[in-house]
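All letters in the sequence shown, in the order written, are residues 136 to 251 by the working numbering. From the three backbone atoms N, C-alpha and C, an ideal C-beta is built for every residue, glycine too. Since the structure is predicted, the reported quantities are computational estimates derived from the model, not experimental observations. Notes to accompany the following structure.
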Amino acid sequence: RLKRVQQKLRSKFPDAESSFKQIDLDCGGTLNQSELAVGLFKLGVWLSPQEVRALVEILDMDGSSDLDQHEWKRFFTARRMSLSELGHVAPSKGGGSKVRRRPGHRRDSVIRAAFD
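Okay, here's the thing in structure tokens:
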């Protein structure tokens, strides 16, 4: 579903900035869960409240619970829809990968389940 959301955005907007401005209903410079749900719905993408929360948690790198333009652009321009592509998995010293966690951040399996 992440890929479908991204494809819909790319089909409607030439770049991340224009899509962000369209969805940022209060022009506050960040997207909260409500703005994201309403904005995507207006574009023909309906996500459940659980999916909207999970999407924000996936994209929110600073733990603010809102998406800023840089976080949104990372999603809009990502080639693959994976946690590593979106910045949640960092290479570990042993050559594997290590999931970055913030306090209170959902487990990745819960986030993935919202989009399976």
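Check: Around the C-beta of S183, are 16 or more other C-beta atoms found within 10 angstroms, so that it is buried, or is it exposed?
Finding: By 1-based counting over the sequence shown, the position of residue 183 is 48. It counts as exposed.
Note to self: I'd like to know whether the C-beta atoms of L171 and L144 end up nearer to each other than 8 angstroms.
What the structure shows: Here residue 171 is taken as the residue at index 36 of the sequence shown, counted from 1. Here residue 144 is taken as the residue at index 9 of the sequence shown, counted from 1. In this structure, L144 does not lie closer than 8 angstroms to L171 by Cβ.
Notebook entry, point to check: What's the gap between the Cα of S199 and the Cα of L166?
Noted result: Within the sequence shown, the letter at position 64 stands for residue 199. Within the sequence shown, the letter at position 31 stands for residue 166. One C-alpha to the other measures close to 10 angstroms.
Item checked: C-beta contact flag for R136 and E186 at 8 angstroms -> Mapped onto the sequence shown, residue 136 falls at position 1. Mapped onto the sequence shown, residue 186 falls at position 51. Taking 8 angstroms as the Cβ cut-off, R136 and E186 qualify as a contacting pair.
Next item on the list: Please go through the same chain and pick out, in chain order, the residues whose beta-carbon is closer than 8 angstroms to the beta-carbon of L194, but skip the five residues on each side of it.
Entry: The residue given as residue 194 occupies position 59 in the sequence shown. Listed in chain order, the non-local C-beta contacts of L194 below 8 angstroms within the same chain comprise L202, E206, W207, R209, F210 and L221, local neighbours out to five positions each way being set aside.
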